[in-house]
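Using the numbering used here, the letters of the sequence shown map in sequence onto residues 1 to 276. For every residue, glycine included, the Cβ atom is placed at its ideal position computed from N, Cα and C. In what follows, a structure is listed as structure tokens, so that the remarks can point back to it.
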Amino acid sequence: MAPDIDKPQQPEMQVNAQRAKVLSENLAHILQRISSTNTSKRPVRLIAVSKLKPANDILALHQPPNSHLYFGENYAQELQSKAEILPKDIRWCFIGALQTNKCKGLARDVGNLWCVSSVDSEKKANELDKGRKMAREREQGLGRLRVHVQVNTSGEEEKSGVEPADAASLCKHIRDACENLELAGLMTIGAIARSKATTAETENEDFVTLTKVRDQVCKELGLQQDEVELSMGMSDDFESAIRCGSDEVRVGSSIFGERPAKQDAKIKDDVEEQKG
Ligand SMILES: *Cc1c(COP(=O)(O)O)cnc(C)c1O
């Protein structure tokens, strides 16, 4: 009845064959590095971090033969705009600093939001829970929304995340009070300096810290280690993260190339913050 909704993005959604080839090769290379680093039996998921990159870059990797499913975004508005025009079987991962007032709308409006990795307060968890509840009332069969509790393992002021000592109580809140959320595990970003200092002999301290936080969470909540996954590792440090036990790495620039400045991005968030 309203076919226009599916049409207007046609020109923009052309996938350039040359660009698609570069992206496919980059993705294959990262997948190869992941599998050669991972000597364990657990699978390691790759989130392709597409923030500030155009929707047709995502489409290029989501289409066969790559058929990649997991894409990560940092800005709520950008994720929502892309989710509207891209295939519904994409599994969107919100990995950026999350504002409390964006939580409910994001979880309500994006049915294929697959995980939110940056939960660091009960308030945000509660708002996500409310939004997912509304989405589930709208969409039969929609499951709970997976979330990671973000932990500030590096103690840097500007980083989001709960203090390591506070992680277990937020995890407990999510499990006890948010029936539309599923506690999937823990996430950390880690300090750039530590990832630069990482060698084959000395792993990134932040990743070691996150594994210890998991031990604590498991102990306090009576969970098994394999019930609490770890999301850690980016372009510069994902191999170290995997050696430390990461279940999920989030890789952007090594797949999509350097990012444009936020204000130059094609599909971008409503302008806010970034002052002072
Ligand atoms: C941007 C971002 C990434 C990806 O970073 P790259 O260095 O481009 O791989 C991963 N995790 C988070 C939380 C990010 O904001």
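beta-carbon residue i near ligand 1 non-hydrogen atom, thresh 7 Å
| i | result |
| --- | --- |
| residue 250 | yes |
| residue 236 | yes |
| residue 286 | An answer regarding residue 286 cannot be provided, because it is not within the stretch 1 to 276 covered by the chain. |
| residue 152 | no |
| residue 74 | yes |
| residue 160 | no |
| residue 49 | yes |
| residue 190 | no |
| residue 96 | yes |
| residue 240 | no |
| residue 169 | no |
| residue 246 | no |
| residue 253 | yes |
Counted within 10 angstroms of its Cβ, other Cβ atoms place residue i as buried (16 or more) or exposed
| i | result |
| --- | --- |
| residue 1 | Note that residue 1 scores 46 on pLDDT, short of 50, meaning its location in the model is unreliable; the coordinates nonetheless yield the value given after this. Exposed. |
| residue 237 | buried |
| residue 264 | exposed |
| residue 180 | buried |
| residue 120 | buried |
| residue 80 | buried |
| residue 129 | buried |
| residue 157 | exposed |
| residue 87 | exposed |
| residue 64 | exposed |
| residue 240 | buried |
| residue 192 | exposed |
| residue 247 | buried |
| residue 138 | exposed |
| residue 41 | exposed |
| residue 118 | buried |
| residue 212 | exposed |
| residue 131 | buried |
| residue 206 | buried |
Supposed close pair residue i, residue j - CB separation, criterion 8 Å
| i | j | result |
| --- | --- | --- |
| residue 96 | residue 73 | 7 Å |
| residue 44 | residue 30 | Not quite, the Cβ-Cβ distance comes to about 11 Å (not below 8 Å), so this is no contact. |
| residue 69 | residue 91 | 5 Å |
| residue 103 | residue 124 | 5 Å |
| residue 122 | residue 170 | 6 Å |
| residue 190 | residue 154 | 6 Å |
| residue 108 | residue 60 | Incorrect: roughly 29 Å between the Cβ atoms, too far for contact. |
| residue 210 | residue 234 | In fact, because the Cβ distance is near 13 Å, the residues do not count as touching under 8 Å. |
Worksheet item: Touching or not, the segment 50-58 and the segment 14-26, by the rule of three or more beta carbon pairs under 8 Å?
Response: Yes, they touch.
Worksheet item: Using 8 Å as the Cβ pair cut-off and three pairs as the minimum, do the segment 251-258 and the segment 206-217 touch?
Response: No, they do not touch.
Discussion item. Using 8 Å as the cut-off, can you tell me whether the segment 255-263 makes contact with the segment 172-180, which would need three or more C-beta pairs spanning the two stretches below that distance?
Written reply: The segment 255-263, when compared against the segment 172-180, does not touch it at the 8 Å Cβ threshold.
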